[in-house]
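The sequence shown runs 604 to 798 under the working numbering.
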Amino acid sequence: MKRSAVFLDRDGTINEQMGYINHLSRFILLPRVAEAVRLLNESGFLVLVVSNQAGAARGYFPQSLTGEVNERMKKELGREGAKLDGVYCCPHHPRSVIPELRVECDCRKPRTGLIDQARRDFEIDMERSYVIGDRCLDIEMGWRCGIQGVLVKTGYGRGEVEHVLPTKAEKPVHIAEDLYHAVCWILEREGPDPR
């Protein structure tokens, strides 16, 4: 049976936006994120992270660090009773210093490859799914997949709302202060248990 999903950006949406997280100590969850993820879990949504992570490709840190940060994220959320169903990251960059990562891939947002990967792993009801992120490229990725997007004002969000969004054809269905308020809006709109 297909389930609705909420696709979450990572940096600036789940955790503080620090540019590239080049050390585990720089991973800091934003307020009420675990509560938001837990609400999605309890309401029957799949919770899937989709994130561009080209720091290793740019030569800023070893490739293993992205996985370590993602494990830290899962553990910190888990301590508060919140669970991610999947984490999908694009490691590529067209100017990568690592030859095998220097590609024009289909997974670098706003392209749809990360969502395509998730759809291979899960039966997803795309019509009742959402993407939440702090960048217009998150909204564009969702739009390309037929998924409604919610833009949050954390991370790059405030600047995106003011300076970038007015130039974009793809608009979010909602703008929220943060992930918690975005999730509350989705749950109010969809009602309990969207399965």
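Each residue gets a CB set at the ideal place from its N, CA and C atoms; glycine is no exception.
Cβ-Cβ separation, residue j to residue i (assumed contact under 8 Å), whole Å
i: Glu-671; j: Arg-641; result: Contact doesn't hold; Cβ gap of about 23 Å is too wide.
i: Ala-639; j: Val-786; result: 4 Å
i: Ala-608; j: Leu-649; result: 4 Å
i: Leu-627; j: Thr-757; result: Actually they do not touch by this definition, with Cβ atoms about 21 Å apart.
i: Glu-726; j: Arg-606; result: 7 Å
i: Val-652; j: Tyr-623; result: That belief does not hold up - the Cβ atoms of Val-652 and Tyr-623 are roughly 17 Å apart, past 8 Å.
i: Phe-664; j: Asn-618; result: Rounded, the Cβ-Cβ distance is 16 Å, inconsistent with contact.
i: Leu-717; j: Cys-739; result: About 16 Å separates the two Cβ atoms, so there is no contact after all.
i: Ile-789; j: Val-753; result: 7 Å
Collapsed DSSP secondary structure at residue i in the structure displayed
i: His-784; result: helix
i: Cys-739; result: helix
i: Leu-643; result: helix
i: Asn-625; result: coil
i: Ile-789; result: helix
i: Ala-608; result: strand
i: Glu-726; result: coil
i: Val-706; result: coil
i: Arg-798; result: Because the pLDDT at Arg-798 is just 49, under 50, the model does not fix this residue reliably, and the point stays unresolved.
i: Gly-716; result: helix
i: Pro-769; result: helix
i: Val-764; result: helix
i: Ser-667; result: helix
i: Val-700; result: coil
i: Arg-747; result: helix
i: Arg-675; result: helix
i: Glu-638; result: helix
Reference residue i, options the options, closest by Cα
i: Gly-736; options: Ile-750, Leu-611, Gly-647 and Tyr-623; result: Leu-611
i: Asp-688; options: Asp-728, Met-729, Asn-644 and Ile-718; result: Asn-644
i: Thr-715; options: Trp-746, Arg-698, Glu-730 and His-696; result: Trp-746
i: Asp-781; options: Tyr-691, Thr-616 and Met-604; result: Thr-616
i: Gly-749; options: Lys-771, Val-734 and His-695; result: Val-734
i: Gln-751; options: Arg-698, Glu-765 and Ile-778; result: Ile-778
i: Val-700; options: Gln-666, Asn-618, Leu-680 and Glu-773; result: Gln-666
i: Met-676; options: Leu-768, Arg-613 and Ser-646; result: Arg-613
i: Gln-656; options: Val-767, Asp-719, Cys-710 and Arg-723; result: Cys-710
i: Met-604; options: Gly-647, Val-767 and Gly-681; result: Gly-647
i: Val-636; options: Val-767, Lys-771 and Val-755; result: Val-755
i: Arg-698; options: Leu-768, Ala-660 and His-766; result: Ala-660
i: Glu-705; options: Ala-772, Lys-771, Trp-788 and Gly-662; result: It is worth fixing the name first, because residue 705 is Arg in this sequence and not Glu. It is Gly-662 whose Cα lies nearest to the Cα of Arg-705.
i: Glu-679; options: Ile-631, His-695 and Gly-658; result: Ile-631
i: Met-744; options: Gly-681, Leu-668 and Lys-771; result: Lys-771
In DSSP terms, what residue i is bridged to
i: Asn-618; result: Asp-614 and Leu-632
i: Ala-779; result: Val-755
i: Cys-693; result: Asn-655
i: Val-734; result: Phe-610 and Gly-752
i: Val-650; result: Val-609
8 Å Cβ cutoff, residue i in contact with chain D
i: Glu-793; result: Structure shown: chain D not included; a single protein chain is present.
The segment 760 to 772 in contact with the segment 714 to 731 per 3-pair CB rule at 8 Å:
No, the segment 760 to 772 is not in contact with the segment 714 to 731.
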